[in-house]
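Q:
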Amino acid sequence: VAFLMILQSVATDLSDAAAQALAAGVDVELPTGDAYLAPLKKAVEDGTVPMALVDRAVTRAVAQKERLGLLDEDFSGEPPRGVDLDSPAHRDAARALAEESVVLVANDGTLPLQATGTLAVVGPNADRAAALFGCYSFANHVLAQRPGVDLGFEAPTPRESLAAAWEGDIRYAAGCAIDDDDRTGFDEAVRVASEADTAVLVMGDHAGLFGRGTVGEGCDRDSLELPGAQRDLVEAVLATGTPVVLVLITGRPYAVDWAIERCAAVVQAFFPGEEGAGAIEGVLTGRINPSGRLPVSLPRSAGAQPYSYLHTLLGGNTEVTNLSTTPAACFGHGLSYTTFTHADLRVADAPTDGFIVATVTVANVGDREGDEVVQLYGHDLVGSVARPVAQLLGFRRVRLAPGHSVEVTFDVPTTRLAFSDRRYTRVVEPGRVNLWTGDAEHRLSKAEISLTGAVHPITNDSPRL
Numbered sequence: 167v168a169f170l171m172i173l174q175s176v177a178t179d180l181s182d183a184a185a186q187a188l189a190a191g192v193d194v195e196l197p198t199g200d201a202y203l204a205p206l207k208k209a210v211e212d213g214t215v216p217m218a219l220v221d222r223a224v225t226r227a228v229a230q231k232e233r234l235g236l237l238d239e240d241f242s243g244e245p246p247r248g249v250d251l252d253s254p255a256h257r258d259a260a261r262a263l264a265e266e267s268v269v270l271v272a273n274d275g276t277l278p279l280q281a282t283g284t285l286a287v288v289g290p291n292a293d294r295a296a297a298l299f300g301c302y303s304f305a306n307h308v309l310a311q312r313p314g315v316d317l318g319f320e321a322p323t324p325r326e327s328l329a330a331a332w333e334g335d336i337r338y339a340a341g342c343a344i345d346d347d348d349r350t351g352f353d354e355a356v357r358v359a360s361e362a363d364t365a366v367l368v369m370g371d372h373a374g375l376f377g378r379g380t381v382g383e384g385c386d387r388d389s390l391e392l393p394g395a396q397r398d399l400v401e402a403v404l405a406t407g408t409p410v411v412l413v414l415i416t417g418r419p420y421a422v423d424w425a426i427e428r429c430a431a432v433v434q435a436f437f438p439g440e441e442g443a444g445a446i447e448g449v450l451t452g453r454i455n456p457s458g459r460l461p462v463s464l465p466r467s468a469g470a471q472p473y474s475y476l477h478t479l480l481g482g483n484t485e486v487t488n489l490s491t492t493p494a495a496c497f498g499h500g501l502s503y504t505t506f507t508h509a510d511l512r513v514a515d516a517p518t519d520g521f522i523v524a525t526v527t528v529a530n531v532g533d534r535e536g537d538e539v540v541q542l543y544g545h546d547l548v549g550s551v552a553r554p555v556a557q558l559l560g561f562r563r564v565r566l567a568p569g570h571s572v573e574v575t576f577d578v579p580t581t582r583l584a585f586s587d588r589r590y591t592r593v594v595e596p597g598r599v600n601l602w603t604g605d606a607e608h609r610l611s612k613a614e615i616s617l618t619g620a621v622h623p624i625t626n627d628s629p630r631l
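Here it is, written out as C-alpha cells:
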C-alpha cells in the first residue's frame with residue numbers, strides 16, 4: 167500500500183495511500199503495516215476515512231477467519247508437532263511433476279545415453295542442490311541467510327543422480343561459477359570432457375532475492391546470454407569434439423539458438439525441485455521418456471523480442487522488419503523418444519456463447535511407450551481488434567503404447583477466444599477461427615470453424631473451464 171506514495175506517486179502521504187487502498191477494497195496490508203497502522207488510524211480520527219470502510223474490511227477479514235475455522239472454540243492456535251514436511255506422498259508428487267516437466271528441446275540421436283563408458287559431468291549447476299529451487303524456496307530464501315545449516319531433506323544433485331545410475335566412469339569439473347568471469351576452471355573442464363565419450367554440461371541460474379542471484383525477485387538481467395562465463399565454458403567444451411548434452415536449470419528462458427544448433431542435445435529443466443535431478447537423469451539415460459513442453463518460447467536473441475506466441479500478425483515475420491521473429495524453440499515445443507502423429511481434427515461450428523467441441527486422433531507410431539501432450543490452438547481470422555496468431559485453447563496428456571491410438575476430445579468454452587473490443591468490453595465475436603493441434607508454430611492437424619450468432623459479452627458467470 168505504501169508504494170502508492172513511494173513508487174507510484176498517486177498518494178500525498180501514507181494516510182492518503184491507506185485511504186485509497188481501503189476504498190478500493192484492500193482489506194489487509196501485507197507484509198507490513200506501514201500504511202494501515204498509525205497512518206490509517208490518524209486518517210480515521212481526522213475524519214478523512216469513514217469508519218464504515220474500516221468496518222467493511224474488518225468484517226470481511228473476520229468472516230474469512232470464521233470460514234477457515236480460526237474462530238472455533240476448539241482452535242488452539244498451536245501448530246501440530248508431528249507434521250511430516252517431506253512425506254513419501256509429497257516426494258511422489260514432486261517426482262511426478264519433475265518427470266513430466268523436463269523438456270527435451272533438441273536431440274541429434276545422442277539421447278538417450280547408454281549408461282556405460284566415460285561420462286563427463288561439467289558445469290556450475292551440476293553439483294549444487296540449491297540450483298534445483300526457485301528464489302522463495304526454503305533453500306534459497308531461508309537457508310541462504312543461515313550458512314552452515316543443512317538443507318534438512320534429501321535433494322540429490324544432477325551429478326549424484328547420474329553417478330547412481332551410471333555403470334561406467336563419471337568425471338566431474340565445475341568449470342566456472344554461475345555469474346562471474348573467472349575462467350581458471352576451464353582447463354580442468356576441458357580435460358575431463360576430452361577424456362569422455364559424452365559431456366553433460368549443467369548450466370543456468372542461481373535463484374535469489376534482490377541482487378543475490380541471477381534470477382528471482384529483484385534479480386533482473388540486461389542480457390539473455392547465459393550468466394557469467396557459462397557460454398564460453400560451453401564453447402570450450404564443444405571445441406574438444408566430445409558430444410555435448412546441455413542441461414539448463416534456469417528460472418528464465420535464455421537465448422540458446424547457438425547451443426541448439428551445435429550441441430548433441432539440449433534439455434530445459436527450469437527449477438525442477440527436490441526430485442528434479444532424478445528426472446534429469448531419467449531423461450538423459452532413457453529411463454524416462456520425456457514429455458515436458460515449453461511454457462515459454464526460447465529466444466534467438468534479445469534484440470528480436472518479443473517472442474510471445476501471442477503476438478499479432480504484424481509482430482511476426484513480415485517485410486516490416488528484416489529481423490527474424492522465429493524463436494529458437496516455440497511455445498509448446500518438446501521432443502520424445504517415440505513418434506506421435508495427429509490426424510483428422512474434427513470440429514463443428516459453435517455459437518459465440520457456447521462450446522467448441524474438437525476431436526483429434528493421436529497415434530504412437532514409434533517403438534516405445536510415451537506421453538503426448540495434445541495441445542489445441544486457435545486463431546481468430548478477423549476481429550474488431552488485432553488478434554494473436556495463436557492462442558492455446560486446451561491441452562490433454564495421454565499415454566500410448568507403441569502402435570496404439572486414441573481419440574482426444576476437447577470441450578472448450580468460447581470465452582477462451584474472448585478479448586476486449588474497441589469499447590473495452592470483453593466479448594466473443596462471430597467469425598471464422600482456425601484450429602489446430604501441435605504447438606504454437608507447427609500445425610499437425612487442422613480445421614476451420616465459424617462462431618455464429620451475435621457478439622457475446624462476457625460476464626463473471628460466463629464459463630471459463
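Start counting the sequence shown at 167; every next residue gets the next number (our numbering).
All C-beta atoms, glycine included, are put in the ideal place defined by N, C-alpha and C.
1) May I have the straight-line CA-CA distance separating E326 from A296, to the nearest angstrom?
2) For L450, which residues in the same chain have their Cβ closer than 8 Å to its Cβ, ignoring the five residues on either side in sequence?
3) Assuming F561 contacts L542 (C-beta within less than 8 Å), just tell me the rounded distance between them.
4) When every heavy atom of the ligand ZN is checked, does at least one fall within less than 7 Å of the C-beta of I344?
5) State the Cα-Cα distance for the pair P324 and G536, rounded to the nearest angstrom.
6) Are there three or more Cβ pairs, one per stretch, closer than 8 Å when the region 597 to 605 is compared with the region 497 to 509?
7) Have a look at R312 and L479 and give me their C-alpha separation to the nearest angstrom.
8) Is the beta carbon of T581 less than 8 Å from the beta carbon of P629?
9) Taking 6 Å as the limit between beta carbons, can you name the residues of its chain near T703, skipping five residues before and five after?
10) Please list, in chain order, all residues of the same chain as V215 whose beta carbon is under 6 Å from its beta carbon, the five residues on each side excluded.
11) Using the C-alpha atoms, what's the distance from R565 back to A443?
12) Which residues share a DSSP beta bridge with M369?
13) Once DSSP output is grouped into helix, strand and coil, what is the label at P240?
14) Of all the options P568, S550 and H477, which has the alpha carbon lying nearest to the alpha carbon of Y676?
15) Only counting the same chain, and skipping five residues up and downstream in sequence, which positions put a Cβ closer than 7 Å to that of F299?
16) Which of helix, strand or coil does DSSP assign to H545?
17) Tell me the residue span of the alpha helix (DSSP H) that contains F169.
18) Are at least three pairs of beta-carbons, each pair with one atom in the region 245 to 260 and one in the region 284 to 294, less than 8 Å apart?
19) If I measure Cβ to Cβ from T408 and keep anything under 8 Å in the same chain, skipping five residues before and after, which residues do I get?
20) Quick check: the region 258 to 269 against the region 372 to 388, are at least 3 beta-carbon pairs closer than 8 Å?
21) Hey, quick one: how far does the beta strand (DSSP E) through E573 stretch, first residue to last?
22) May I ask you to report which of helix, strand or coil DSSP gives S586?
23) Look at C301 and G379 and say whether their C-beta atoms are less than 8 Å apart.
24) How long is the line joining the alpha carbons of L601 and A190, rounded to whole angstroms?
25) Cβ of G394 within 8 Å of Cβ of D347?
26) CA-CA distance, S467 and E427?
27) Can you check DSSP and say which residues form a bridge with R459?
28) Give the C-beta separation of S463 and V528 to the nearest angstrom, bearing in mind that I take them to be a contact with Cβ-Cβ under 8 Å.
29) With distances taken Cα to Cα, identify the nearest neighbour of A321 among I446, D240 and G482.
30) Measure the beta-carbon distance from L270 to P456 and round it to whole angstroms, keeping in mind my assumption that it falls under 8 Å.
31) By how many angstroms is the C-alpha of V315 removed from the C-alpha of L375?
32) Does the distance from the C-beta atom of V167 to that of A201 stay below 8 Å?
33) Going by Cα to Cα distance, which pick from G351, V578 and V539 is closest to D515?
34) Taking the continuous alpha helix (DSSP H) assigned at V224, which residues delimit it?
35) Could you give the uninterrupted runs of the beta strand (DSSP E) lying entirely in the region 267 to 343, keeping only those of 3 residues or more?
36) Put A495 into one of helix, strand or coil per three-state DSSP.
A: Reading from the atomic positions:
1) Taking the Cα positions, E326 is about 14 Å away from A296.
2) Sequence-distant Cβ neighbours of L450 in its own chain, meaning closer than 8 Å and more than five residues away, are L277, P278, L279, L328, V366, V411, V413 and V433.
3) With a Cβ gap of about 7 Å, F561 and L542 count as contacting.
4) No copy of the ligand ZN appears in this structure; indeed no ligand is present at all.
5) One Cα belongs to P324, the other to G536, and the distance between them is close to 23 Å.
6) Verdict: yes, contact present.
7) Taking the straight line from one Cα to the other gives about 51 Å.
8) Their beta carbons are under 8 Å apart, which means T581 touches P629 by this criterion.
9) A query on residue 703 cannot be resolved here, the shown segment of the chain reaching from 167 to 631 and no further.
10) These residues qualify, in order along the chain: A185 and A209.
11) When rounded, the distance between both Cα atoms is 23 Å.
12) Beta-bridge partners of M369 (DSSP): L414.
13) The residue you asked about is not Pro; residue 240 is Asp in the sequence shown. In the structure shown, D240 sits in coil (DSSP, three-state: anything other than H, G, I, E or B).
14) The first residue shown for the chain is 167 and the last is 631, placing residue 676 beyond what the model contains.
15) Cβ within range, chain order: A305, N306, A373, F437 and G439.
16) The answer is strand: DSSP assigns H545 an E or B state.
17) Where F169 is concerned, the enclosing alpha helix (DSSP H) starts and stops at F169 to I172.
18) The region 245 to 260 vs the region 284 to 294: no contact.
19) Residues of the same chain with a CB within less than 8 Å of the CB of T408, apart from the 5 flanking positions on each side, are A286, A359, S360, A362, D363, T364 and A365 in chain order.
20) Result no; under three Cβ-Cβ pairs closer than 8 Å.
21) Taken as a continuous stretch (DSSP letters only), the beta strand (DSSP E) holding E573 covers S571 to P579.
22) Looking at S586 - three-state DSSP - the assignment turns out to be strand.
23) Between C301 and G379, the gap from beta carbon to beta carbon is short of 8 Å.
24) Each residue's Cα considered, the two are about 40 Å apart.
25) Contact flag set, yes.
26) Computed Cα separation, rounded: 14 Å.
27) Bridge partners of R459: none, in fact.
28) About 24 Å; that fails the 8 Å criterion.
29) Out of I446, D240 and G482, I446 has the C-alpha closest to the C-alpha of A321.
30) Here L270 really is in contact with P456; their C-beta atoms are around 4 Å apart, less than 8 Å.
31) Answer to the nearest angstrom: the Cα atoms are 19 Å apart.
32) The answer is yes: Cβ separation under 8 Å.
33) Taking only the C-alpha atoms, the option nearest D515 is V578.
34) Under the DSSP assignment, V224 falls in the alpha helix (DSSP H) whose first and last residues are M217 to R233.
35) For the beta strand (DSSP E) assignment, the uninterrupted runs of no fewer than 3 residues enclosed by the region 267 to 343 are, from N- to C-terminal side, 269 to 273, 284 to 288 and 335 to 339.
36) Here A495 sits in strand by DSSP.
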